[in-house]
Amino acid sequence: MRASILLSLTPLIHHTTASPKPGLAFNPATTPDCFAWYDNDQGLSCEFVRDEMFSIPAEEFSAWNPDVGLDCKPWRWQSYCAITKQKYDAIMATREPDAATPVSTSTASISTLRPTPTAWREIGCYRSTSSPPSSALEKKMSSDSDPALTIPKCQDTCYRASFQYAGVQEGDECWCSSSVDGERATNQAVCNRPCSGDRDTVCGGTGVVLVFEAMFEGDEWDGTATGGGGAAPTGQVGEEALPTHPTHPSLETKPSFHTKSSLAAYWTSALQNA
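Structure follows, in structure tokens:
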């Protein structure tokens, strides 16, 4: 497998995941040895997914996914096998004893086939426009409140769960999302609840979420969020500059995948809970 599997991903596929279970319908004839699945819901071409994202030989990909020909057709809205257990075991066999495996302190279950963020940008305090109102982000990451919530902890959780946006709300709730479905609060001071795990830091407010966007190498900040608009605020109401917030230690260094052992370490992390 080439290093381009992970290093050449574009911003378009930051949300793309490989997961232990298919998220869409799949062909029952797909190899029963499938160990990780790709959900084809991003609008990417078969050639890009097969050749660039996963660097799978055409014959091998078609053998795993018999409904896809060597010409990459047909290419349907469904789940496809991204790696088999046999292939995974072969990669793991190349792993060197000291190969570094990314470590996470989050409770999220699955890492993703994308680079680690180089920074997280605060884009502001948002409120939901849905009825009944809930959050401007998609998914609350735990059913109960977190008595030790911090912003880096939530960011790490969202990164590990393959989300572009992380948000903190009510002082003790972590939310993650692939987009921001809400409107920026007119008064940014409504994000005023201290974090349960860091009383010196604000973790959103009542019914409003403080949102952060994962930034990747090559990304340019345009001052807007997906689904929202306006200039990005800072963590301190009334200031003009946009700070770069420190990332969790596990997110600070982008891994290298130039060797089989480092690729093995990646798959170990990516499918640690498979």
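UniProt numbering numbers the first residue of the sequence shown as 1 and each following residue consecutively.
Glycine included, every Cβ here is placed at the ideal spot set by N, Cα and C.
query	result
So if DSSP puts Gln-169 in a beta bridge, which residue, or which two residues, is it bridged to?	Glu-173, Val-209
Have a look at Ile-56, Glu-122, Ser-162 and flag the residue whose alpha-carbon is nearest the alpha-carbon of residue 312.	Outside the displayed span of the chain (1 to 274) sits residue 312, for which this structure offers no information.
Just checking my contact of Ile-83 with Phe-35 at CB under 8 Å: how many whole Å lie between their CB atoms?	5 Å
Near Ser-128, what residues of its chain come up, given a Cβ to Cβ distance below 7 Å and the 5 sequence neighbours on each side ignored?	Ser-134, Ser-135, Ala-136, Gly-182
By the three-class DSSP mapping on this structure, what secondary structure does Phe-163 have?	coil
What separation, rounded to the nearest whole angstrom, lies between the Cα atoms of Ala-185 and Cys-72?	46 Å
Terminal residues of the continuous beta strand (DSSP E) containing Asp-198?	198 to 202
What are the partner residues of Lys-87, as DSSP defines its beta bridges?	The partner list for Lys-87 (beta bridge, DSSP) is empty, contrary to what the question assumes.
Where Ala-93 and Phe-61 are concerned, what is the direct C-alpha to C-alpha distance, given to the nearest angstrom?	21 Å
From what residue to what residue does the beta strand (DSSP E) around Trp-37 run?	34 to 39
Under a three-way DSSP split, which group does Glu-183 fall into?	strand
For Ser-177, which option in Cys-195, Ser-196, Gln-155, Asn-192 has the closest C-alpha, if you only look at C-alpha atoms?	Gln-155
According to DSSP, what are the bridge partners of Met-215?	Ala-119
In this structure, does DSSP put Ala-136 in helix, strand or coil?	coil
Which same chain residues end up closer than 8 Å to Lys-85 when comparing Cβ atoms and leaving out the 5 residues on each side of it in sequence?	Asp-33, Cys-34, Phe-35
Taking the alpha-carbon positions, what's the Pro-152 to Glu-59 distance?	43 Å
Among Ala-63, Tyr-88, Asp-89, which one has its Cα closest to the Cα of Tyr-80?	Ala-63
From what residue to what residue does the alpha helix (DSSP H) around Ala-58 run?	58 to 64
By alpha-carbon positions, which one of Pro-147, Arg-199, Cys-203, Ser-179 ends up nearest to Ala-189?	Cys-203
Cys-125 and Cys-174 - do their beta-carbons sit closer together than 7 Å?	no
Tell me the DSSP secondary structure of Cys-72 in three-state form.	coil
What did DSSP end up calling Cys-195 once you bin it into helix, strand or coil?	strand
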